[in-house]
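Mapping to the UniProt record's numbering: the sequence shown position 67 is 67, numbers consecutive.
In what follows, a structure is listed as structure tokens, so that the remarks can point back to it.
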Amino acid sequence: MDALHFASEGVGGVYVVFNGRVIVGTRAVKMRTKSFDAFESINFPDLASRQDSSWIYHWLPLPDKRRPLQLTTALDPDIFLMKLYPGTKPEIFDHLSPLYRGVIIESFGNGGVPSLRRNLLPTIEALADAGMAIVITTQCLQEGEDLTLYEVGRRVAQNNQLILSYDMNTEAIVPKLMWALGQSRDLQTVKQLMETPIAFDLVR
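Structural data, given as structure tokens:
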């Protein structure tokens, strides 16, 4: 009923309305399987919350009047999501290029990728050089990645072909990369699309 009630408010956008909260769609992550407060807003404030029979707005989205609405719906689903762990072998990346056009790497902490012993960077960079769109994100839900903080991140940041995710969550990165690859085959264009805020999905 909350969703139907909020739909009559006339606020444009995509939202998750659940348990008296209105969460921006690109920031919503399901955190619990059974609770009524199943969803959380990651790195972004709720749009509104229900109080009795009214909605209390915490902020209001401003309509973008700079250009008319344009629907670009082409998607490329050929992407792969990889969560790094201490035993990840560099050779695993060799099997991705025949099957996928994009890879999302959930790295450690602020965006670190191992570069000692099992050095993953050369194989990741080889994929990027071969035309694969590579997005670096973090396994941590809160606060996003920051490749400038530590040496393991700075080495990644030196390659300007790799796509940064800033504070986007994985649930937003996956469809956005499908969409970006559906718009262009040029990796720099894909990188620009991915690193441009859309529907409040990231803050740079």
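Virtual Cβ for every residue (Gly too), placed ideally from N, Cα, C.
Using beta-carbon positions only, say whether residue i and residue j come within less than 9 angstroms of one another.
| i | j | result |
| --- | --- | --- |
| F93 | T137 | no |
| S184 | I173 | no |
| A180 | V14 | no |
| V22 | L4 | no |
| A133 | V190 | yes |
| F6 | N19 | no |
| V135 | M194 | yes |
| L127 | V103 | yes |
| T26 | D146 | no |
| E125 | N159 | yes |
| S41 | V24 | yes |
| Q161 | L187 | yes |
Between residue i and residue j, how many whole angstroms is the CB-CB distance? I'm expecting something under 8 angstroms.
| i | j | result |
| --- | --- | --- |
| I79 | Y57 | About 35 angstroms separates the two Cβ atoms, so there is no contact after all. |
| N169 | V29 | 6 angstroms |
| R118 | T88 | 7 angstroms |
| D76 | G144 | Not confirmed; about 25 angstroms, so no contact. |
| P45 | W55 | About 14 angstroms separates the two Cβ atoms, so there is no contact after all. |
From the DSSP output, in three-state form, read off residue i for me.
| i | result |
| --- | --- |
| F39 | strand |
| G20 | coil |
| R50 | strand |
| G112 | strand |
| G25 | helix |
| F200 | coil |
| M194 | helix |
| L4 | helix |
| F44 | coil |
| L69 | coil |
| M168 | coil |
| W59 | coil |
| K89 | coil |
| V135 | strand |
When we look at the beta-carbon of residue i and count the other beta-carbons within 10 Å, is it buried (16 or more) or exposed?
| i | result |
| --- | --- |
| G131 | exposed |
| T72 | exposed |
| D167 | buried |
| E9 | exposed |
| E91 | exposed |
| D52 | exposed |
| R67 | exposed |
| K34 | exposed |
| L149 | exposed |
| L69 | exposed |
Of all Cβ atoms in chain D, is any one closer than 9 angstroms to the Cβ of residue i?
| i | result |
| --- | --- |
| Q161 | Note that chain D does not occur in the displayed structure, where there is just one protein chain. |
Check whether the stretch 46 to 63 and the stretch 82 to 91 touch, using three or more Cβ-Cβ pairs below 8 angstroms as the test. no
Would the stretch 127 to 145 and the stretch 110 to 119 be scored as touching if the rule is three or more Cβ pairs under 8 angstroms? yes
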